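J.: Mapping to numbering that gives the first Met the number 0: the sequence shown position 96 is 95, numbers consecutive.
Got a structure for you, questions after.
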Amino acid sequence: MIKKDYLHRMRLYVLISGKIAARSVNETARLVIDGGADAIQLREKTISDNEFISLAGEIRDITTKNGTLLIINDRVRVAREVNADGVHLGQHDMSITEAREIIGSEKIIGVSTHNIIQARQAQKDGADYI
């Protein structure tokens, strides 16, 4: 199944971050997968790219073994490095076009939107989900 097609069947998409988790990110990932998560968005705003790559690689191993999608928040190059299923972009991150050039056409790109104008623009620009 194409990963983008999987989006239509998703029931539970969980955002995890070491900053807000009471447990380690790895343990949190395992717990949310056990709880039925179809996708995990890994969001770490305060660690270096190298630290993020290391952490994301560990989470990637967990999600791959369990058939869960891994979406990386903001950092497109980290997503490419760990072969994540996609990336989630904010309004002030790089464009969908730039992100698509880096991670490829088969990967998922989501976008945060805060109003109907942004939602329509994200759809027009090719976001897979908002």
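By construction, the Cβ of each residue, glycine as well, lies at the ideal position given by its N, Cα and C atoms.
Predicted, not measured: the structure shown is a model, and the values here were computed from it.
1. Would you mind reading off the limits of the beta strand (DSSP E) that contains L30?
2. Short of 8 Å in beta carbon distance, which residues of its chain neighbour S23, apart from the five on each side in sequence? Order them along the chain.
3. Out of E97, S104, I101 and V86, which has the shortest C-alpha to C-alpha gap to I129?
4. Could you tell me the distance, in whole angstroms, from the CA atom of L30 to the CA atom of I116?
5. Leaving out five residues on either side along the sequence, give the residues of the same chain with a beta carbon under 6 Å from the beta carbon of Q40.
6. V81 and I52 look like a contact to me (Cβ under 8 Å); what is the Cβ gap, rounded to whole Å?
7. What did DSSP end up calling M0 once you bin it into helix, strand or coil?
T.: The relevant details are as follows:
1. Per DSSP, L30 belongs to no beta strand (DSSP E); it is in the alpha helix (DSSP H), V24 to D33.
2. Excluding residues within five positions, the ones whose Cβ falls inside 8 Å are G17.
3. Looking from the CA of I129, the closest CA among E97, S104, I101 and V86 belongs to V86.
4. One Cα belongs to L30, the other to I116, and the distance between them is close to 36 Å.
5. Same-chain partners within the cutoff: L14, I70, N72 and H87.
6. 6 Å between Cβ atoms; contact.
7. In this prediction, M0 has a pLDDT of 45, which is less than 50 and means its spatial position is unreliable; what the coordinates show is noted afterwards. Residue state, collapsed to three classes: coil.
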